[in-house]
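Enquirer:
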Amino acid sequence: MRILNNRLVFSPSDLSGYLSSPFASWMDRFAREFPDQAPPADEADALLGVLGKRGLEHEAAFEQRFRDAGLEVLNIDAEVCATTESLSLSAEEDMDRRRLCTVEAIRSGVDVIAQATLEGERFAGVADFLVKVPGASELGSYHYEVWDTKLASRIRPGFVIQLCCYVEMLEQIQGCRAEHLVVVLGDRREERVRLVDCQDYYRALKQQFLQLHDGWSRDEMPSPTASSSYGRWSGYVQSWLESIDHLSQVATITGSQLARLEAAGIATRAALAAVDVSVAGIDDMSLQRLARQASLQIQSQGCAVPAYSLLEQPVDIAAADAREVLLSVGESGVTNGLSRLPAWCPEDVFFDIEGFPLDTGGLEYLWGCTYFDEQSERTFRDWWAHDSTAERQAFEGFIDWIYERWQRAPTMHVYHYANYEIAACQRLMGRYGTREHELDELLRADVFVDLYVVVQQSLQIGEPRYSIKNVERLYRGGRDTDVGSGGDSVVVYEHWRERHQAGVEGDTWQNSETLNSIRNYNIDDCNSTQELVDWLRERQQEHGITIQLETGDSQEVIPDQVVSARLEMRDRLLLNADTQRKAEDYMTAAVSENMAGLLEFHRREAKPAWWRYFDRHSSTPEQLMHDPACLAKCLRTGREPFKPTERARNLAYEYDFGTMQDFKGLPAAVELLDERGDNDKPLRATVLHALSDFAQGRLVLQSAKELPTTVTLIPNEFINPAPIPDAIDAVVEQWLERSDETGSIDDFLFRRAPRFKQPRPGAIAYGDTSEERLAATIEAVLDLDDSYLTIQGPPGCGKSYTGARIIAALCAQGCKIGISSNSHAAIQNLMTGAARYCQAQGVAARFLCSRQPDDELVQLGAELFSNSKLAAELAPATVVGTTAWGFARNDLAGEFDYLLIDEAGQVSVANLLAMSRSARNLVLLGDQMQLGQPSQGSHPAESGLSVLEYLLKGQPTIDENMGVFLGTTYRMHSHINRYVSQRFYDGRLKSVAQTDARELLPDEARLPELDRKAGICFIPVQHTGNAQSSEEEAVEIFRLARSLLGQRVKTSASDDSSKPLGWNDLLFVAPYNQQVKLLQERLGEQARVGSVDRFQGQEAAVVFLSLCSSDAAEAPRGIDFLFDPNRLNVAISRAQTLVVVVGNPGLATTRVSTVAQLRKVNLVAGLLYHSADE
1 MRILNNRLVF SPSDLSGYLS SPFASWMDRF AREFPDQAPP ADEADALLGV LGKRGLEHEA
61 AFEQRFRDAG LEVLNIDAEV CATTESLSLS AEEDMDRRRL CTVEAIRSGV DVIAQATLEG
121 ERFAGVADFL VKVPGASELG SYHYEVWDTK LASRIRPGFV IQLCCYVEML EQIQGCRAEH
181 LVVVLGDRRE ERVRLVDCQD YYRALKQQFL QLHDGWSRDE MPSPTASSSY GRWSGYVQSW
241 LESIDHLSQV ATITGSQLAR LEAAGIATRA ALAAVDVSVA GIDDMSLQRL ARQASLQIQS
301 QGCAVPAYSL LEQPVDIAAA DAREVLLSVG ESGVTNGLSR LPAWCPEDVF FDIEGFPLDT
361 GGLEYLWGCT YFDEQSERTF RDWWAHDSTA ERQAFEGFID WIYERWQRAP TMHVYHYANY
421 EIAACQRLMG RYGTREHELD ELLRADVFVD LYVVVQQSLQ IGEPRYSIKN VERLYRGGRD
481 TDVGSGGDSV VVYEHWRERH QAGVEGDTWQ NSETLNSIRN YNIDDCNSTQ ELVDWLRERQ
541 QEHGITIQLE TGDSQEVIPD QVVSARLEMR DRLLLNADTQ RKAEDYMTAA VSENMAGLLE
601 FHRREAKPAW WRYFDRHSST PEQLMHDPAC LAKCLRTGRE PFKPTERARN LAYEYDFGTM
661 QDFKGLPAAV ELLDERGDND KPLRATVLHA LSDFAQGRLV LQSAKELPTT VTLIPNEFIN
721 PAPIPDAIDA VVEQWLERSD ETGSIDDFLF RRAPRFKQPR PGAIAYGDTS EERLAATIEA
781 VLDLDDSYLT IQGPPGCGKS YTGARIIAAL CAQGCKIGIS SNSHAAIQNL MTGAARYCQA
841 QGVAARFLCS RQPDDELVQL GAELFSNSKL AAELAPATVV GTTAWGFARN DLAGEFDYLL
901 IDEAGQVSVA NLLAMSRSAR NLVLLGDQMQ LGQPSQGSHP AESGLSVLEY LLKGQPTIDE
961 NMGVFLGTTY RMHSHINRYV SQRFYDGRLK SVAQTDAREL LPDEARLPEL DRKAGICFIP
1021 VQHTGNAQSS EEEAVEIFRL ARSLLGQRVK TSASDDSSKP LGWNDLLFVA PYNQQVKLLQ
1081 ERLGEQARVG SVDRFQGQEA AVVFLSLCSS DAAEAPRGID FLFDPNRLNV AISRAQTLVV
1141 VVGNPGLATT RVSTVAQLRK VNLVAGLLYH SADE
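Counting in the UniProt record's numbering, the sequence shown runs from 1 upward without gaps.
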């Protein structure tokens, strides 16, 4: 920021700095306005000076690259400085001259303008390059893109914000905005970002930035705790927080808890330590733990070693008088955490990873281990990786080394602090499809021990955090390594990458000072982990705590010979892929690699379910309170055990539970935490859903064994995939033996255009009208030549309508047809449409289901047969509906002419491969931009993708020569569709004209917030401290919904086609189950309330979307879930006339750390601005 022509002008970098820290932006302004009164800033980083010089060299090199390409390049800096009079110009005059020179170059159409000076009303700055591209503008048949050079190895959100600012200033000159921004990274990669994916976030951020500075006052310093970083003012902030005893210093406190404590008048650690009242929104046990934490931290001030207390775990923690009990050091007691600490073994290993999370998928670049050698000397071993190939080698080297030690010493353990290391191993095992058996064995034997869990379950410490750097103050002195924390190591590693790219540093710790510093930091972490184990064992012995270890035992059993044959095929495919890659046959190599991954897909998918299962059984009820798949602390009611039916042999038991748990439902069979049944297995019970009332917190369980007073319930989520894996084996084996690659699954895997009996040049679904395009689509399906056809159907575009007519046409030809999807509901929905149409058109067809058909299907003549009996019933004009478990059967191989896969955006490629052998031709119906595949595992290459994700490789829409894009929606008003089409479908989705007739009729009684005929309304509701439910939003939605009831909405263009809105015309959608429950309670049983998953395929005149979280950073599953593009697309596109989005407007400026996150938050900012622009 600077003064130009007597006004404060900001630079684009001021705005990107505000993105990083609003507080730092305020402090920078204070330092400019009152330099003599500003506190001292942090010391400047000498490394930044070095990188700045390298950055200028990188920029100059790229400018020369433009010249070498034969482009006309004008450097504004050189142009202005070439004149002697420039030496006498004032800052304002120099700026004006550069700006005028830039404008002149733009209007004259120079190919590339370097150091372009741009100025707007509030901003001014110098863009690295403006590059001329074709496209109409006020300049003529061309316009300019903004390009920027950065030394960084990845594109960062701040870069994008800067470029958006330049684009906006450039628009004032050329009268349009380019479609893309371009960042040239340190390795010369050109990263292009669509403007539509970032401009709304930029607008929201800029508005917030200008509001801060327009209302700036030295007396109104914003709270530093609202920022996640503090720029060059970190030292000052830390001193300030300590001076006012701020609550944010209390370890483990969340933002929502902090907000609720402050609302209750508890603003300091001292006040929290002395709290003796309940606080709304915080349960008493959590409040007591926070109070103890504050007290311990206060006691520890000025002490070299912090105070700590052990926690005793009472037998029945949910009883009315149950509470955690603090034990003073020196007293005895059994603690939950310390009882899970294994005994010493000389082969023990102490493990820590340094990771770089900012690359796509992350990079685990340093694997470090401390251990004791044969002479009992503490020793360090490490594996390094600066790319994915080396990462795989490092992972394999580490696992092989650990596995060999464990085979030699079965009582050894690998100790680590927090879950990061295990999550990384599990992720890389799936990503690279390697060391699966070894890691499985290690995990099942509980070789890995998470010391963070042990600490959390055994003691509280008077430290502001529970990182190992804080915990280690109990047993060692301060560190003297150059790198101070895991966060520091990320920054330092990125600096190393930039310096290495610039040729300043080597690529090993022996020839790079930076890597050596990181290594020393990692050694210190590993050594500290070992010392923590020793300290905890001392406490274990001191208090006479008995070691109680549980060893997991997976229920997944696969014969060794099957595994061996599968692995043999996998290895053969991977060897083929290497050979094909060397021969530069990259496509075949990729298919071979993917097939290798598909062989083990279902085993990898099952692993997370087993890992969760064992993790849950080793968790506490308090931890499972936050797991939506579990139900914790259910307390027996006073009702006596009873027989649920007259003939029942086992008794039922009634329980109450807290309804504010984020609880998504239970299967019929559950297991009880810490309760054992026969054969020392977890005790099982049956959930009697018919007798339970989950909305009221009432649960009924049935068991052969008497159930305890308090129970915590855990599901076993494993689903047996047989016979699907065997079918995949058969397809892969056949593929390996064939010399040709011409079947339908081959065309799909190679992403070839569909093959037809008659050549079809150009668009597959040609025609000027929807009827002509439908006829062309049906004709294309009938003409398939052992190939596949994809039909992408965005919301309301008639995908099921099209599918039904395709099936009828195939039946008329006497074909045998299969319908499959992930759910029987989707299968029967498509089958119902087809049966109804066949009946109306007089087409003879027989419909068979493997799940009991619904009433309408029964009336249409559908029959029920088990999967094992379907083959015997097949005949011409027969339609069979079943899942992959049916079509993967051996007796259905080769039995169908066509297999239609509905909701193909949710079906895995692995399941498609298994089902593909049942039919000659495949028809893929779906939309990968709506709800995606419910995948849990991590998979190598592209083997974990859904069918349409694989085929389209990130494209939002399918090309017209590759498939059919149903580009006309019959549901959404154009004011709604404009948002959906631009952000999810490349602008290709259009509304049929009739949809614009669906409008709310004028009504003087309508609330001003909803005073529009159609479109999107964003209703701002300010709130703090809400994670997965908001009473404030529920109250506002109730008010708005009640105001719409009875309002009239037109249903067609006819003057008399209107009706009053009723409850059936409204849908209420929320991302979390807690908010769904809250809305249902507020709105009543007549309201249609649910999550996105419930309403896919449905529609209503008006949709209410409650965002419910105050802060996306604290929302369960974070930004990636709350702002998931597919879920937002489904929620908004349910509406025919009006979308009412209710949420905290601060969500539109949620701070982001990656461009992927920026794109997601941009969608929410787009809702706000789309609403304002209508």
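C-beta: ideal position from N, C-alpha, C; glycine also.
Tell me Arg1048's beta-bridge partners as DSSP assigns them.
Expert: Its beta-bridge partners are Pro1060.
Enquirer: Ignore the nearest five residues each way along the sequence and tell me which others in Val557's own chain have a CB closer than 6 Å to its CB.
Expert: Confidence at Val557 is low in this model, with a pLDDT of 46, below 50, so the placement of that residue should be treated as unreliable; the coordinate-derived value is given next. Excluding sequence neighbours, Val557 sits near nothing in its chain.
Enquirer: With H, G and I counted as helix, E and B as strand and the rest as coil, what does DSSP make of Arg805?
Expert: Helix, per DSSP.
Enquirer: Does His143 come out as helix, strand or coil in the three-state DSSP assignment?
Expert: It is a strand residue.
Enquirer: Please determine, among Ser1153, Thr1154, Ala1148, the residue with the shortest C-alpha to C-alpha distance to residue 1175.
Expert: Residue 1175 lies beyond the range of the chain shown here (1 to 1174); nothing can be said about it.
Enquirer: Is it a yes or a no for the region 752-768 touching the region 956-976, going by three-plus beta-carbon pairs under 8 Å?
Expert: In short, these stretches touch, since the Cβ pair count reaches three.
Enquirer: Once you ignore the five residues that flank Ile298 on each side, which residues in its own chain have a CB closer than 8 Å to its CB?
Expert: Cβ within range, chain order: Arg269, Ala270, Ala273, Gly462.
Enquirer: Would you identify the three-state DSSP class for Gln457, choosing helix, strand or coil?
Expert: Coil.
Enquirer: For Glu391, count the other beta carbons within 10 Å of its own beta carbon; 16 or more makes it buried, fewer makes it exposed. Which is it?
Expert: Buried, since its Cβ has 16 or more Cβ neighbours within 10 Å.
Enquirer: Which full runs of the beta strand (DSSP E) of 3+ residues lie inside the region 662-715, going along the chain?
Expert: The region 662-715 contains these whole beta strand (DSSP E) runs: 669-676, 682-687, 698-703, 710-715.
Enquirer: In angstroms, rounded to a whole number, what distance separates the CA positions of Ala704 and Thr712?
Expert: Ala704 and Thr712: Cα-Cα distance of roughly 17 Å.
Enquirer: Which of the three DSSP states, helix, strand or coil, is assigned to Lys990?
Expert: The answer is strand: DSSP assigns Lys990 an E or B state.
Enquirer: For residue 1176 and Val700, I'd like the C-alpha separation in whole angstroms.
Expert: Residue 1176 lies beyond the residue range present for the chain, which begins at 1 and ends at 1174; the question has no answer from this structure.
Enquirer: Can you name the start and end residues of the alpha helix (DSSP H) that Arg773 belongs to?
Expert: Where Arg773 is concerned, the enclosing alpha helix (DSSP H) stretches over 770-782.
Enquirer: Can you list, in chain order, the residues of its chain with a C-beta nearer than 7 Å to that of Leu1158? Leave out the 5 residues immediately preceding and following it.
Expert: Cβ within range, chain order: Pro157, Val160, Cys198, Tyr201, Val1152.
Enquirer: Is DSSP giving Pro940 helix, strand or coil here?
Expert: Reduced to three states, the DSSP call for Pro940 is coil.
Enquirer: What does the Cβ neighbour count give for Ser332, buried or exposed, with the cut at 16 atoms within 10 Å?
Expert: Model confidence at Ser332 stands at a pLDDT of 33, short of 50, so the residue's coordinates are unreliable and nothing is read from them.
Enquirer: Take the Cβ of Val858 as the centre, count every other Cβ of all protein chains shown within 10 Å, and call the residue buried at 16 or more, exposed below.
Expert: Answer is exposed; the Cβ neighbour count stays below 16.
Enquirer: Spell out the partners DSSP gives His180 in its beta bridges.
Expert: Bridge partners of His180: Arg194.
Enquirer: Quick one, which of Ala31, Leu181, Leu130 has its alpha-carbon nearest Ser217's?
Expert: Of Ala31, Leu181, Leu130, the residue nearest in Cα terms is Ala31.
Enquirer: Could you check the C-alpha separation between Lys1013 and Gln1047 for me, to the nearest Å?
Expert: Answer to the nearest angstrom: the Cα atoms are 11 Å apart.
Enquirer: Does the distance from the C-beta atom of Ala251 to that of Asn470 stay below 9 Å?
Expert: Yes, these two residues count as a Cβ contact at 9 Å.
Enquirer: Determine, using beta carbons only, whether Ala178 and Tyr144 come nearer to each other than 9 Å.
Expert: In this structure, Tyr144 lies closer than 9 Å to Ala178 by Cβ.
Enquirer: Within its chain, find whatever has a CB closer than 6 Å to the CB of Leu235; leave out the 5 residues flanking it on each side and keep chain order.
Expert: The sequence shown places Gly at residue 235, not Leu. The answer, listed in chain order, is Asp42.
Enquirer: Shortest alpha-carbon distance to Lys1077 belongs to which of Gln696, Val879, Leu945, Val843?
Expert: Of the candidates Gln696, Val879, Leu945, Val843, the one whose C-alpha sits nearest the C-alpha of Lys1077 is Gln696.
Enquirer: Suppose the cutoff is 8 Å on Cβ atoms and the five residues either side in sequence are ignored; what does the same chain contact list for Ser554 look like?
Expert: Residue confidence is low: Ser554 scores 44 on pLDDT, short of 50, so the model does not pin down where it sits. Its coordinate-derived value is still stated next. These residues qualify, in order along the chain: Asp440, Arg444, Trp610.
Enquirer: Rank Ser1030, Asn867, Ile523 by C-alpha distance to the C-alpha of Cys369 and give the top, closest one.
Expert: The candidate whose alpha carbon is nearest that of Cys369 is Ile523.
Enquirer: Find out if the Cβ-Cβ distance for the pair Val1089, Leu1079 is shorter than 9 Å.
Expert: In this structure, Leu1079 lies closer than 9 Å to Val1089 by Cβ.
Enquirer: Quick check on Gly881: does DSSP put it in helix, strand or coil?
Expert: The answer is strand: DSSP assigns Gly881 an E or B state.
Enquirer: Is there at least one Cβ from chain D nearer than 9 Å to Phe10's Cβ?
Expert: Among the protein chains of the structure shown there is no chain D, as only one such chain exists.
Enquirer: In whole angstroms, what separates the C-alpha of Ile3 from that of Ala1053?
Expert: Whole-angstrom Cα-Cα distance: 57 Å.
Enquirer: For Ile547, is the classification buried or exposed, using 16 other Cβ atoms within 10 angstroms of its Cβ as the cut-off for buried?
Expert: Answer is exposed; the Cβ neighbour count stays below 16.
Enquirer: Would you mind reading off the limits of the beta strand (DSSP E) that contains Cys369?
Expert: Residues 363-372.
Enquirer: Out of Ala1087, Val103, Phe123, which has the shortest C-alpha to C-alpha gap to Ala116?
Expert: Cα-wise, what sits closest to Ala116 is Val103.
Enquirer: In three-state DSSP terms, what is Asp507?
Expert: Note: Asp507 maps to coil in three-state DSSP.
Enquirer: When the Cα atoms are used, what is the spatial distance from Tyr493 to Tyr475?
Expert: Cα to Cα, Tyr493 sits roughly 29 Å from Tyr475.
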